[in-house]
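Only one structure is covered here, and it is reproduced in the block below.
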Amino acid sequence: MLGVWPELDFAISAAMYDPVSGRFPAADDPALKVVREALRFLPHLMFWPALLLLALALVRPTLRLPRRALIFVVATFALGPGLIVNGVVKNAWDRPRPRDVAAFGGTQPFQPWWQPGKGWFDNRSFVSGEASSSAWTLAPAALAPPPWRAIAIAAAATYAAATSALRVVFGAHFLSDVVLGALVSLVLVRLGYRWYRRDDRQGGEAWQRGRALIHRADPTIRSADMPKGDVKKVVLAYSGGLDTSIILKWLQTTYACEVVTFTADLGQGEELEPARKKAELLGIKPENIFIEDLREEFVRDYVFPMFRANAQYEGLYLLGTSIARPLIAKRQIEIARKVGADAVCHGATGKGNDQVRFELAYYALEPNIKIIAPWREWDLTSRTRLIEFAEQNQIPIAKDKRGEAPFSVDANLLHTSSEGKVLEDPAVEVPDYVFSRTLSPEQAPDTPTYVTIGFEKGDAVSVDGVQLTPAALLTKLNELGRANGIGRLDLVENRFVGMKSRGMYETPGGTILLLAHRGIESVTLDRGAAHLKDELMPRYAELIYNGFWFAPEREMLQALIDKSQEFVTGWVRLKLYKGGVHIVGRDSPYSLYDQELVTFEEGAVAYDHRDAAGFIRLNALRLRTYGARTRKLGG
1 MLGVWPELDF
11 AISAAMYDPV
21 SGRFPAADDP
31 ALKVVREALR
41 FLPHLMFWPA
51 LLLLALALVR
61 PTLRLPRRAL
71 IFVVATFALG
81 PGLIVNGVVK
91 NAWDRPRPRD
101 VAAFGGTQPF
111 QPWWQPGKGW
121 FDNRSFVSGE
131 ASSSAWTLAP
141 AALAPPPWRA
151 IAIAAAATYA
161 AATSALRVVF
171 GAHFLSDVVL
181 GALVSLVLVR
191 LGYRWYRRDD
201 RQGGEAWQRG
211 RALIHRADPT
221 IRSADMPKGD
231 VKKVVLAYSG
241 GLDTSIILKW
251 LQTTYACEVV
261 TFTADLGQGE
271 ELEPARKKAE
281 LLGIKPENIF
291 IEDLREEFVR
301 DYVFPMFRAN
311 AQYEGLYLLG
321 TSIARPLIAK
331 RQIEIARKVG
341 ADAVCHGATG
351 KGNDQVRFEL
361 AYYALEPNIK
371 IIAPWREWDL
381 TSRTRLIEFA
391 EQNQIPIAKD
401 KRGEAPFSVD
411 ANLLHTSSEG
421 KVLEDPAVEV
431 PDYVFSRTLS
441 PEQAPDTPTY
451 VTIGFEKGDA
461 VSVDGVQLTP
471 AALLTKLNEL
481 GRANGIGRLD
491 LVENRFVGMK
501 SRGMYETPGG
511 TILLLAHRGI
521 ESVTLDRGAA
531 HLKDELMPRY
541 AELIYNGFWF
551 APEREMLQAL
561 IDKSQEFVTG
571 WVRLKLYKGG
581 VHIVGRDSPY
591 SLYDQELVTF
601 EEGAVAYDHR
611 DAAGFIRLNA
621 LRLRTYGART
631 RKLGG
């Protein structure tokens, strides 16, 4: 419009001019002068600190500074108001300012904006540097947290409009000068922001594969050390507790993305509807809140297959936490596909095993998924800072969550684990108040409890003759174990990430189930199959502990284990007494136990003692040969 009607430029400036005094009255107003002087320095107060921080980030790369944001802010100012406006255009155009034009008391002719001057003028009008600088303030405004971003942008736009208007009413610039000066910065800010927000993939999907390889090689590498990417929608594993609520708000403020919450009921014993209300309170749309009862799937498809292997990590740990993570991760990926999310997020810390378990599962199921691990990225490194963040963002904080927790707890239908703080010294006995799932053996009944567990093809199917679903059966065994003080384990284990940790585990039902399963296998498995299975068990348990549930080698071992369970059918009777579990009976229609073979009595098919002599001689052959050589050498 300014190009078609250059008279508009002239007319607006004429409206600001007083022909009687031969002045632009606003330029003589003391209050407006003060406002103008105050406004003109604001961009510099933003730019120079950003430049200093960027220099510091380049000199000290280990400092956790927002380098990408600083580059965006510094580069847009240096290129726009700096190089293009003041360095190039102003020097090339030589357009007289309104107050220097003959019609407004000056000596120069009016010059349309598109027409370069002839080098006769030093105090150039086209384009406006202050308009360009004030419009540039939209760059730092665009980096404000989402709750404040709209306000920050509106404030920056208002500031830019006021600064530009003052330049026109002062007779310092024509309208086209300020409009086109601001436009230079707006274009650069827009392009710069797209660069800031885009995925720095270095080759598209290859970058994502590289990122996955880095995490697999060293899961302790912070995500902050790699480009974040342009996340549009993320599925968060959300418990409704304080930590994951902080993560939820942090995702909204840091990534400015849509958040979908997923809460899994794995039998942890907590009411989950409060998680829905809390998510809604934090701005999550109802259609983006997923709460699912996964107890039956958890026991049927994860716990029972693991128990067919008699899996125990380092010979003791029943893998209660480890086996829960693959299911949560699987459902997160499924929900991400359903809602069109391009990222998933978990709340595991940067020191533990869970970060590895979640992320290996994510990558196995969706190789190019973006993963956000807040504990490896944010600077909320203390409980105090977490509480401050929660208070600043109106996140409800329960009274018992304000202080440092004496220990952390993870629970599901299989077990409860407690770690940290009061449990960190392995030389100190675990305090009684840590135990939440079992009675102490001393408080257990003085009379034993008997229970019979039925099995079909390696899986428990009944308790005392009553058929139960997998989750109901484990719940029943948990009740029996709790009442009899069964399933406590004080363990120092070797974490996958390289450190040792001390944990307190309560697995009442699982402890009963493991011994019962071994009991039914003792009469149904062939010796060679049973021994091979025991040899493979540590490797199978380690795969689960380290997070390789979806790895091909775990699936191969599972196929072998499941094959071994074809005839593991029958019942086992156990005695539960003051923390102890004892097998007192077992039987199977497929039992390999032959009483006539083991009896000392004579019988039609009794074992012939004379057959043992040849068996012993053959097995002793290598020992006799070795012994002869040793004797010959004088050993």
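The sequence shown begins at 1 in UniProt numbering and counts up one residue at a time. Even for Gly, the Cβ is constructed at its ideal location relative to N, Cα and C. Here the structure is a predicted model, which means the values were calculated and not measured.
Where does residue i sit, in a helix, a strand or coil, going by DSSP?
i, result
"residue 188", "helix"
"residue 209", "For residue 209, the predicted model reports a pLDDT of 40, less than 50, meaning its position is unreliable; a value from the coordinates is still stated below. Three-state DSSP puts residue 209 in a helix."
"residue 200", "Confidence at residue 200 is low in this model, with a pLDDT of 36, below 50, so its placement is unreliable and no value can be given for it."
"residue 499", "coil"
"residue 13", "helix"
"residue 173", "coil"
"residue 95", "coil"
"residue 554", "helix"
"residue 108", "strand"
"residue 372", "strand"
"residue 636", "With the chain running from 1 to 635 in the structure shown, residue 636 is simply not present."
"residue 476", "helix"
"residue 39", "helix"
"residue 277", "helix"
"residue 560", "helix"
"residue 236", "strand"
"residue 460", "strand"
"residue 692", "As displayed, the chain neither begins before 1 nor continues past 635, which places residue 692 out of reach and without an answer."
"residue 216", "Per-residue confidence for residue 216 stands at a pLDDT of 41, beneath the threshold of 50, marking its modelled position as unreliable; no derived number is given."
"residue 168", "helix"
"residue 231", "coil"
"residue 482", "helix"
"residue 18", "strand"
"residue 101", "strand"
"residue 23", "strand"
Between residue i and the rest of its own chain, which residues show a CB-CB distance below 6 angstroms, the 5 nearest in sequence each way excluded?
i, result
"residue 298", "266 and 327"
"residue 258", "233"
"residue 444", "484, 485 and 578"
"residue 46", "140"
What distance in whole Å lies between the Cβ atoms of residue j and residue i, which are believed to be in contact at a cut-off of 8 angstroms?
i, j, result
"residue 261", "residue 279", "5 angstroms"
"residue 102", "residue 111", "Actually they do not touch by this definition, with Cβ atoms about 11 angstroms apart."
"residue 136", "residue 80", "6 angstroms"
"residue 319", "residue 541", "6 angstroms"
"residue 503", "residue 418", "7 angstroms"
"residue 497", "residue 351", "7 angstroms"
"residue 231", "residue 255", "5 angstroms"
"residue 554", "residue 543", "5 angstroms"
In terms of residue numbering, what span does the alpha helix (DSSP H) encompassing residue i cover?
i, result
"residue 449", "Unbroken run through residue 449 is the beta strand (DSSP E), 449-456; no alpha helix (DSSP H)."
"residue 468", "No alpha helix (DSSP H) holds residue 468; DSSP gives it neither H nor E."
"residue 571", "No alpha helix (DSSP H) contains residue 571, which is instead part of the beta strand (DSSP E) from 570-577."
"residue 626", "611-632"
"residue 534", "527-546"
"residue 142", "138-142"
"residue 488", "It is not in any alpha helix (DSSP H) - residue 488 instead sits in the beta strand (DSSP E) that spans 488-494."
"residue 516", "508-524"
"residue 75", "67-77"
"residue 593", "Here residue 593 belongs to no alpha helix (DSSP H), and DSSP marks it neither H nor E."
"residue 381", "Segment: none, residue 381 is in no alpha helix (DSSP H) and carries neither H nor E."
"residue 354", "354-365"
"residue 114", "Careful: residue 114 lies outside any alpha helix (DSSP H) and carries neither H nor E."
"residue 243", "242-254"
"residue 286", "Looking at the DSSP string, residue 286 is not in any alpha helix (DSSP H), and its letter there is neither H nor E."
Leaving out five residues on either side along the sequence, give the residues of the same chain with a beta carbon under 7 angstroms from the beta carbon of residue i.
i, result
"residue 437", "416, 482, 506 and 508"
"residue 529", "564"
"residue 588", "520, 523, 524, 569 and 570"
"residue 358", "325, 329, 346 and 348"
"residue 393", "249"
"residue 219", "With a pLDDT of only 41 at residue 219, under the threshold of 50, the placement of this residue in the model should not be trusted; the figure read from the coordinates follows. Correct list, in chain order: 355, 356, 359 and 497."
Short of 8 angstroms in beta carbon distance, which residues of its chain neighbour residue i, apart from the five on each side in sequence? Order them along the chain.
i, result
"residue 337", "366"
"residue 431", "422"
"residue 53", "65 and 70"
"residue 160", "131, 134, 135, 137, 138 and 182"
Determine the extent of the beta strand (DSSP E) in which residue i is found, giving its start and end residues.
i, result
"residue 346", "Run containing residue 346: none; DSSP gives neither H nor E here."
"residue 580", "580-587"
"residue 264", "258-265"
"residue 290", "289-293"
Give a yes or no on whether 9 angstroms exceeds the smallest Cβ distance from residue i to chain B.
i, result
"residue 276", "Absent from the structure: chain B. Only one protein chain is present."
For the stretch 395-447, which segments carrying the beta strand (DSSP E) assignment without a break, of at least 3 residues, lie completely within its bounds, in sequence order? 408-411 and 416-419
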